[in-house]
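Sequential numbering of the sequence shown, starting at 7, is according to the numbering used here.
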Amino acid sequence: MRPARRSGFALVCAAAAILAVSACGFRPLYGIGGGGEPNPDVVAELGAIEIELGPDRLDQVVYSDLLDRISPFGPPSAPRYRLDLTLRQSKQGVALERDATVTRFNLTLVAAYVLADVASGETLTAGSVRAVAAYNVLRSELANVVAERDARDRAARNVADEINARLAVYFRGRTGP
């Protein structure tokens, strides 16, 4: 296929994809809908969530990442919802040398979450998310500690992103189109 035909074909495919997405009823999660009507205020609902802080450093990292996404202006003064988190992490060696020393680890972080109504205590939604972050083992012990902590922080960010997205979708579906 000649370059001019290829770019024309790509343009036609892109236009068809845009038309298909607009015809399927796609609406942005946070923004203004296609018909000009504003979407429900998902941001305000997210901002009314109080996040329970766990005792460990990892709990605090996930808490901080979630707080940045859910309510960037800080915890709500009068929360309507409570988000409880339970974190579990594991580490698995995935690359071995001939002498059976591990040279690469996968760090897996699983977060179970429960969103409850503060007034009634009723569970509104619950779920579990999982993130995997890999890191290499080096000769320096300090470098290994830093690499593992970096992998844990990356997994915590991914977990926070996924929980934020799921909660936003929950609130979007709850308030209707």
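Built from N, CA and C at the ideal position, the CB exists for glycine as well.
This one's a predicted model, so the numbers in the text were calculated from it and none came from an experiment.
Outcome for residue i when other beta-carbon atoms lying within 10 angstroms are tallied against a minimum of 16
| i | result |
| --- | --- |
| Ala171 | exposed |
| Gly41 | Low confidence applies to Gly41: its pLDDT is 47, below 50, so where it sits in the model is not reliable enough to give any reading. |
| Phe15 | exposed |
| Ala161 | buried |
| Ala139 | buried |
| Ser126 | exposed |
| Arg63 | exposed |
| Ser77 | buried |
| Glu128 | exposed |
| Arg180 | exposed |
| Val68 | buried |
| Arg158 | buried |
| Val165 | buried |
Of the residues the options, the one placed nearest residue i, counting alpha carbons only
| i | options | result |
| --- | --- | --- |
| Phe111 | Thr131, Ala122 and Leu144 | Leu144 |
| Val49 | Gln66, Asp62, Phe79 and Val120 | Phe79 |
| Val116 | Asp105, Leu91, Val108 and Leu173 | Leu91 |
| Glu56 | Val68, Pro85 and Ala174 | Pro85 |
| Gln98 | Val67, Tyr141 and Val124 | Tyr141 |
| Leu89 | Val124, Ala149, Val175 and Asp159 | Val124 |
| Thr109 | Val165, Leu73, Val120 and Asn150 | Asn150 |
Cβ-Cβ separation, residue j to residue i (assumed contact under 8 Å), whole Å
| i | j | result |
| --- | --- | --- |
| Ala122 | Tyr87 | 7 Å |
| Phe177 | Glu51 | 4 Å |
| Asp217 | Arg163 | Here the chain covers residues 7 to 183 and nothing more, so residue 217 does not appear. |
| Pro81 | Ala54 | Wrong, their Cβ atoms sit about 10 Å apart, outside the cutoff. |
| Asp156 | Arg75 | Going by Cβ atoms, the distance from Asp156 to Arg75 rounds to 20 Å, so no, they are not a contact pair. |
| Glu147 | Leu113 | Not confirmed; about 17 Å, so no contact. |
| Ala118 | Ser134 | 5 Å |
| Asp65 | Leu93 | 6 Å |
Residues bridged to residue i [DSSP beta-bridge criterion]
| i | result |
| --- | --- |
| Arg136 | Val116 |
| Tyr141 | Phe111 |
| Ile169 | None; Ile169 has no bridge partner. |
| Glu58 | Glu58 is not bridged to any residue. |
Fully enclosed by the stretch 70 to 124, which beta strand (DSSP E) runs are 3 residues long or longer? If we require 3 residues or more, the beta strand (DSSP E) runs fully inside the stretch 70 to 124 come out as 87 to 102 and 108 to 123.
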